[in-house]
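Report on one structure; see the data block that follows.
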Amino acid sequence: MKLTRFFRTLRRDCRASISIASAAALTMLIGSAALAVDLGSHYLDRRKLQGIADAAALAAAARPGGERAAAERIIAANCDCGIRIAALTPGTYTPDPGIQAEQRFTPGGASPNAVRIRLTRDRPLYFGSFLTGRDESVIGASATGARRGYAAFSLGSRVAAVHGGVPNAVLSALTGSQVNLSVMDYNALANADIDLLAFSDALRAELDADVLTFGQTLDARATLPQVLSALAKSSDGDAARAIGKLAASAVPTGLFPSRAIDLGPRSSGIRVDEANPVNVNALSLVRSMLLLANANRQVDLSVAAGLPGGTAVNVALLIGESPAHSPLIAITDNNQVVVRTAQVRIKLDAKVATPLATVEIPVFAELGSAAARITDIDCANIGSTAVALGVTTSPATLAIGKVGNGDFQDMQRKVDPGPAKLLKLPLANVEGKAELVLSDLNEKPAPFSRADIDAGRVRTVESTGLVAGAAKSLADRIDLKVNVLGRGINANSLSSLVGATVSAAAPVLDGLLQSITGTLGVHIGEADARVNALRCGKAKLV
32 MKLTRFFRTL RRDCRASISI ASAAALTMLI GSAALAVDLG SHYLDRRKLQ GIADAAALAA
92 AARPGGERAA AERIIAANCD CGIRIAALTP GTYTPDPGIQ AEQRFTPGGA SPNAVRIRLT
152 RDRPLYFGSF LTGRDESVIG ASATGARRGY AAFSLGSRVA AVHGGVPNAV LSALTGSQVN
212 LSVMDYNALA NADIDLLAFS DALRAELDAD VLTFGQTLDA RATLPQVLSA LAKSSDGDAA
272 RAIGKLAASA VPTGLFPSRA IDLGPRSSGI RVDEANPVNV NALSLVRSML LLANANRQVD
332 LSVAAGLPGG TAVNVALLIG ESPAHSPLIA ITDNNQVVVR TAQVRIKLDA KVATPLATVE
392 IPVFAELGSA AARITDIDCA NIGSTAVALG VTTSPATLAI GKVGNGDFQD MQRKVDPGPA
452 KLLKLPLANV EGKAELVLSD LNEKPAPFSR ADIDAGRVRT VESTGLVAGA AKSLADRIDL
512 KVNVLGRGIN ANSLSSLVGA TVSAAAPVLD GLLQSITGTL GVHIGEADAR VNALRCGKAK
572 LV
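Quick note, in this note's numbering, the sequence shown goes up one by one and the last residue is 573.
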């Protein structure tokens, strides 16, 4: 009874209850404060370690071949606190939005462009040791740095030799007025380079559009004289004077320069970077703009070719419009951008005088677009390949035969040359046809070292199938048919006369074709590629 009464009294007794509750709460408060100190310290230490990991990843990515040493220097400069490199993995980062972010980095690769690093360190537990029984905990941080190297590359960069008046005749037809460049002018253009960014800046001034970026400037519509004037202002010396002559004589045809030039990662720029120019051959740039201004328009010219009889050769040119998103010159950091040459059709109507009669030789050539893309950028290679291009030569159709004007002018229609009357006599005629198709569509490698890039070296990729000149190959396979309307005419003699005449004229016609295509920057069975610039070492976190 006494014990029961004691507990009843204790239950009703409220004295000192605050002290007991306060003691219990204070114990919990002290424990929470201790845990907060450890958690806060853990968070701050991990944030600091993450910052060091980020910096180490950037440094390692920017130093191919010396990744670990670069990371160790960053760690030593930031903290003497026992940070360890748990893992350092060079690999390949693919900036493809179609790939999930965590799968864009793959370890290894032929040309690694990224580094993934994991750092760890021990940190003390101040009060948590009472709960965990350990004096330290291990924290870690990971980061991935990718090196964003980019290259500028172009097609149609080879400089053609000057043969007679063919370049002036072609340039006159493309500018719409008479052009008289001297050999000195032509050589000055062939030997000069123009910085694409300086050209974009000069064009911005021509358009009075100072608020535009370089990319927006090239997207704007400009006239051919404005574009050529900008090229002249971004050049100097004899090259500037030669381009100035073209600008003064050009008709004001409208064009969009971005269809020939893709500035890629440099599009957002507004200032010329003299330390990192993107140099392109001046002649190549000039003819690119001329071809762009004359897309889908036939131009006609007459040139002296040195054929027997002293007659000129009539030439018809038709330049196709470039495919969408396929510039002639591009700056990029991936292999998705493809540069292409223009599609070109050429007709040569040649007449060769013989003792019997004049032999007419109609030559047709259609050159499709050659293509090139970057297959690899390797900033680690100093002496070997720094940039590798994959180049495909242009498919070509060559023929001696008759092509109607309507078929010739429709770039969407496939041309099927028919037999042409090469020799016409009152009682006989000789028809002939020859056709040669080049369709080597295999991509061929074109490697460029840093020395090649700095020297502006052009590499020529050749297709298989053409072992001689175009006209010579056609002359060797021409099929002649003699139509005799009366007696006493020797068909074999007529066939031999025409065959010998075509064969004799073939080297002259080949030289003329090469001069025309060279002036246009395209070549039969060949493609010329150049890497205009390479910039490496700019790393970013990914």
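Even for Gly, the Cβ is constructed at its ideal location relative to N, Cα and C. Please read all numbers here as calculations on a predicted model, not as lab measurements.
Nearest-angstrom beta carbon gap, residue j and residue i [assumed within contact, 8 Å]
{"i": "ALA270", "j": "LEU238", "result": "The Cβ separation is near 22 Å, so there is no contact."}
{"i": "ALA522", "j": "VAL513", "result": "4 Å"}
{"i": "ARG384", "j": "VAL422", "result": "At residue 384 the sequence reads Ala, which differs from the Arg that was named. Between VAL422 and ALA384 the Cβ distance is about 42 Å, and since that is not below 8 Å, they are no contact."}
{"i": "ALA313", "j": "SER266", "result": "6 Å"}
{"i": "LEU228", "j": "GLY300", "result": "6 Å"}
{"i": "LEU322", "j": "ALA373", "result": "5 Å"}
{"i": "ALA564", "j": "ALA183", "result": "4 Å"}
{"i": "ILE225", "j": "ASN310", "result": "7 Å"}
{"i": "ALA88", "j": "LEU572", "result": "7 Å"}
{"i": "LEU119", "j": "ARG99", "result": "6 Å"}
With 16 other Cβ atoms within 10 Å as the buried cut-off, status of residue i
{"i": "CYS112", "result": "exposed"}
{"i": "MET215", "result": "exposed"}
{"i": "ILE431", "result": "buried"}
{"i": "ARG135", "result": "buried"}
{"i": "GLY435", "result": "exposed"}
{"i": "ASP483", "result": "buried"}
{"i": "ARG252", "result": "exposed"}
{"i": "ASN365", "result": "exposed"}
{"i": "ALA174", "result": "buried"}
{"i": "ARG444", "result": "exposed"}
{"i": "ASN211", "result": "exposed"}
{"i": "GLY337", "result": "exposed"}
{"i": "TYR217", "result": "buried"}
{"i": "GLY187", "result": "buried"}
{"i": "ASP304", "result": "exposed"}
{"i": "ILE130", "result": "exposed"}
{"i": "PHE209", "result": "It is Gln, not Phe, that sits at residue 209 in the sequence shown. Its Cβ having fewer than 16 others within 10 Å, GLN209 is exposed."}
{"i": "ASN199", "result": "buried"}
{"i": "ALA570", "result": "buried"}
{"i": "ARG78", "result": "exposed"}
{"i": "VAL242", "result": "exposed"}
Reference residue i; option with closest CA among the options
{"i": "PRO138", "options": "THR125, GLY129 and ALA430", "result": "THR125"}
{"i": "ARG179", "options": "VAL146, VAL201, ARG152 and VAL197", "result": "VAL146"}
{"i": "LYS378", "options": "ALA401, LEU119 and ASP331", "result": "ASP331"}
{"i": "VAL539", "options": "LEU528, GLY500, LYS571 and VAL529", "result": "GLY500"}
{"i": "VAL197", "options": "LEU420, SER480 and THR550", "result": "THR550"}
{"i": "ARG481", "options": "GLU397, GLU474 and VAL489", "result": "VAL489"}
{"i": "ASN109", "options": "ARG94, ALA100 and ALA86", "result": "ALA86"}
{"i": "ILE105", "options": "ALA132, SER280, ILE130 and ILE148", "result": "ILE148"}
{"i": "SER527", "options": "VAL242, ARG152, ASP510 and ALA91", "result": "ASP510"}
{"i": "LEU454", "options": "LEU228, GLU133 and LYS382", "result": "LYS382"}
{"i": "GLY122", "options": "ASP559, GLY176, LEU150 and GLN329", "result": "GLY176"}
{"i": "PHE287", "options": "ALA273, ILE274 and ALA324", "result": "ALA324"}
{"i": "VAL492", "options": "ASP485, GLU466, ASP447 and ALA560", "result": "ALA560"}
{"i": "ALA91", "options": "GLU103, GLN81, VAL515 and GLY82", "result": "GLU103"}
{"i": "ASP541", "options": "VAL242, PHE395, MET442 and ARG566", "result": "PHE395"}
{"i": "GLY96", "options": "LEU202, ASN144 and LEU70", "result": "ASN144"}
Spatial neighbours of residue i in its chain, beta-carbon cut-off 7 Å, leaving aside the 5 residues before and after
{"i": "GLU352", "result": "ALA326 and ASN327"}
{"i": "ALA261", "result": "PHE230, ALA233, LEU234 and GLU237"}
{"i": "ILE520", "result": "LEU458 and ALA459"}
{"i": "LEU456", "result": "ALA388"}
{"i": "ALA278", "result": "PRO256, LEU259, SER260 and ALA263"}
{"i": "ALA240", "result": "THR248 and ALA251"}
{"i": "PRO358", "result": "ARG290, ALA291, ILE292, ASP293 and VAL370"}
{"i": "ASP409", "result": "SER142, THR416 and ALA417"}
{"i": "ALA117", "result": "ARG149, LEU150, THR151 and GLY171"}
{"i": "ALA531", "result": "none"}
Same chain only: Cβ atoms within 6 Å of residue i, ignoring 5 sequence neighbours per side
{"i": "LEU294", "result": "PHE245, GLY246 and ILE362"}
{"i": "ALA506", "result": "VAL533, SER534 and ALA537"}
{"i": "VAL468", "result": "THR428"}
{"i": "LEU398", "result": "VAL375, SER425, ALA427 and VAL553"}
{"i": "PRO155", "result": "GLU167"}
{"i": "ALA172", "result": "LEU80, GLN81, ALA84 and LEU150"}
Cβ-heavy atom distance, residue i to the ligand GTP, below 7 Å
{"i": "LEU119", "result": "In the structure on display, the ligand GTP does not appear, and there are no ligands present to speak of."}
Close-in-space but distant-in-sequence residues of the same chain around residue i (CB under 8 Å, 5 per side omitted)
{"i": "ALA451", "result": "GLU391, PRO393, ILE431, GLY432, LYS433, GLU462, GLY463 and LYS464"}
{"i": "VAL574", "result": "Only positions 32 to 573 of the chain appear in this structure, which leaves residue 574 out of reach."}
Chain D within 8 Å of residue i, Cβ atoms only
{"i": "VAL169", "result": "This model lacks chain D altogether, as it is built from one protein chain only."}
Q) Curious, which full-length beta strand (DSSP E) runs of at least 3 residues does the segment 433-494 contain? A) 451-456, 459-469, 475-479 and 490-493
Q. Which residue spans inside the segment 160-234 form an unbroken alpha helix (DSSP H) run of at least 4?
A. 160-163, 197-206 and 214-222
Q. Can you give, in chain order, each stretch of the alpha helix (DSSP H) that sits fully within the segment 311-391 and has at least 4 residues?
A. 313-324
Q: For the segment 393-423, list the beta strand (DSSP E) runs that are entirely contained and at least 3 residues long, ordered along the chain.
A: Taking only runs of at least 3 residues, the beta strand (DSSP E) segments lying wholly in the segment 393-423 are 402-408 and 418-423.
Q.
Report the start-end ranges of each beta strand (DSSP E) in the segment 105-136 that is 3 residues or longer and not cut off at the edges.
A. 115-124
Q.
So within the segment 492-564, which uninterrupted beta strand (DSSP E) runs reach at least 3 residues, ignoring any that extend past its ends?
A. Runs found: 510-515.
Q | 4 or more residues per run - each alpha helix (DSSP H) lying fully within the segment 255-291 | A | 255-264 and 268-280
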